[in-house]
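Inspection log for the structure reproduced underneath, given as structure tokens.
Numbering (my numbering), first residue to last: 93 to 491.
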């Protein structure tokens, strides 16, 4: 059970008191919540052990069934993944050093390093911006009280004049407080709840189907870690721009005057910085949206599928290539045979046919052949008919 945080003293002011209270409570919330979820023998740790057992069993079955190639690099990454899950889900000291301090204290340290570039030399607000916030808030409240005293109890802040000046200064003080300290405290509370759920989320890192939940958790943690950094940085810039107005309000109050222009100017600056802070929040969300976890398992499966398909296509392409070669040789042989067969026919059509045609009509003559439309072969134009020779006695006998 977390101990009750002590109440802040009255001498440290509103800003420091709220920051001390929230920091104490969110630290205890993260630590105790992590301890409850990572308690040995608890429900969450039992689920964690079951998830790791299933993960190892899936790897073993895939190897036995031949669906996962045995690569040393992939096995090393799987073992490293299991080790990271165990450390982050059951070791608060390692988790505090790697995750908690990085997301909680890292942005604050980075903002403190950039303060010197934002705050000019000789500024009254140079240093810790939250101390300057307390000074600016008190100054605006005192000026608002001075305006209200001049306006009277019956003056309406919506009709202009000194009454509106008091309303503008009070609104400026509250907007400055909420746009800087309010954003920082709200972000720390949400970030503490997210980090306390780490043992519950860590086990989902093992499987590709649930890795999107881990990515969403990590993106949300990054957003609520960047938000205090941006709020602190813009607070320093805001105090730098507000310093001339605060000095003028203090001088007018000392002289017993009420300058409405300074009050309206303070309200306009606070409204502008609200828009700037909203744009910075959108930029932080866009930056966190680019966070992606490596998907080694899916990449390995895809590469294994590609290698398997390549091997099968290669083994299928070998017989196909052999068949194509046989078909090409057969086609070439057929073409040669057709060419050899067509060559004599072409020669006979271009040269004179020297064959002697033995027809049934032995009485046909070359002249008759010419009359019939056929050209007699060369050298046979005046050839005698190939009829059998008959003597006169044979002719008389056959009568």
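By construction, the Cβ of each residue, glycine as well, lies at the ideal position given by its N, Cα and C atoms.
Query                                                                                                                                                                    : Result
Roughly how far, in whole angstroms, is the beta-carbon of residue 295 from the beta-carbon of residue 139, given that I think they are within contact range, below 8 Å? : 7 Å
Can you tell me which of the three DSSP states residue 430 falls into?                                                                                                   : helix
What's the C-alpha gap between residue 188 and residue 290?                                                                                                              : 11 Å
Measuring only the C-alpha atoms, how far is residue 448 from residue 428?                                                                                               : Since pLDDT at residue 448 reaches only 48, below the 50 mark, its modelled position is unreliable, and no value is offered.
Are the beta-carbon atoms of residue 325 and residue 361 separated by less than 8 Å?                                                                                     : no
Is residue 275 buried or exposed, if buried means 16 or more other CB atoms sit within 10 Å of its CB?                                                                   : buried
Quick check on DSSP: helix, strand or coil for residue 329?                                                                                                              : helix
How close, in whole Å, do the beta carbons of residue 110 and residue 277 come, if the pair is a contact with beta carbons under 8 Å?                                    : 6 Å
If you drop the 5 nearest sequence neighbours on each side, which residues of the same chain put their C-beta closer than 6 Å to that of residue 341?                    : 235, 354
Can you have a look at residue 318 and say buried or exposed, based on whether 16 or more other CB atoms are within 10 angstroms of its CB?                              : buried
Report yes or no: do three or more beta-carbon pairs, one from the segment 105-123 and one from the segment 219-233, lie closer than 8 Å?                                : yes
Short of 7 Å in beta carbon distance, which residues of its chain neighbour residue 376, apart from the five on each side in sequence? Order them along the chain.       : 315, 318, 319, 322
If you run the structure through DSSP and keep just helix, strand and coil, what is residue 267?                                                                         : helix
Would you identify the three-state DSSP class for residue 100, choosing helix, strand or coil?                                                                           : coil
Would you kindly work out how many angstroms separate the C-alpha atoms of residue 329 and residue 136, rounded to a whole number?                                       : 45 Å
Should residue 243 go down as buried or exposed, given a rule of 16 or more other Cβ atoms within 10 Å for buried?                                                       : buried
Using only the alpha-carbon positions, how far apart do residue 180 and residue 345 sit?                                                                                 : 57 Å
Applying the criterion that 16 or more other CB atoms from any shown protein chain within 10 Å of the CB defines a buried residue, is residue 213 buried or exposed?     : exposed
For residue 369 and residue 203, I'd like the C-alpha separation in whole angstroms.                                                                                     : 15 Å
Closer than 6 Å by C-beta to residue 157: which residues in its own chain qualify, once you throw out the five before and the five after it? Chain order, please.        : none
Exposed or buried, residue 101, counting other C-beta atoms within 10 Å across all chains shown (16 or more means buried)?                                               : exposed
Can residue 350 and residue 239 be called in contact, C-beta distance under 8 Å?                                                                                         : yes
Where does residue 109 fall in DSSP's three states?                                                                                                                      : helix
Output yes or no for whether 8 Å exceeds the beta carbon distance between residue 309 and residue 293.                                                                   : yes
For residue 418 and residue 433, I'd like the C-alpha separation in whole angstroms.                                                                                     : 23 Å
One question on the structure: do residue 283 and residue 217 come within less than 8 Å of each other, judged by their Cβ atoms?                                         : no
Is it the case that the Cβ atoms of residue 184 and residue 127 are separated by a distance below 8 Å?                                                                   : yes
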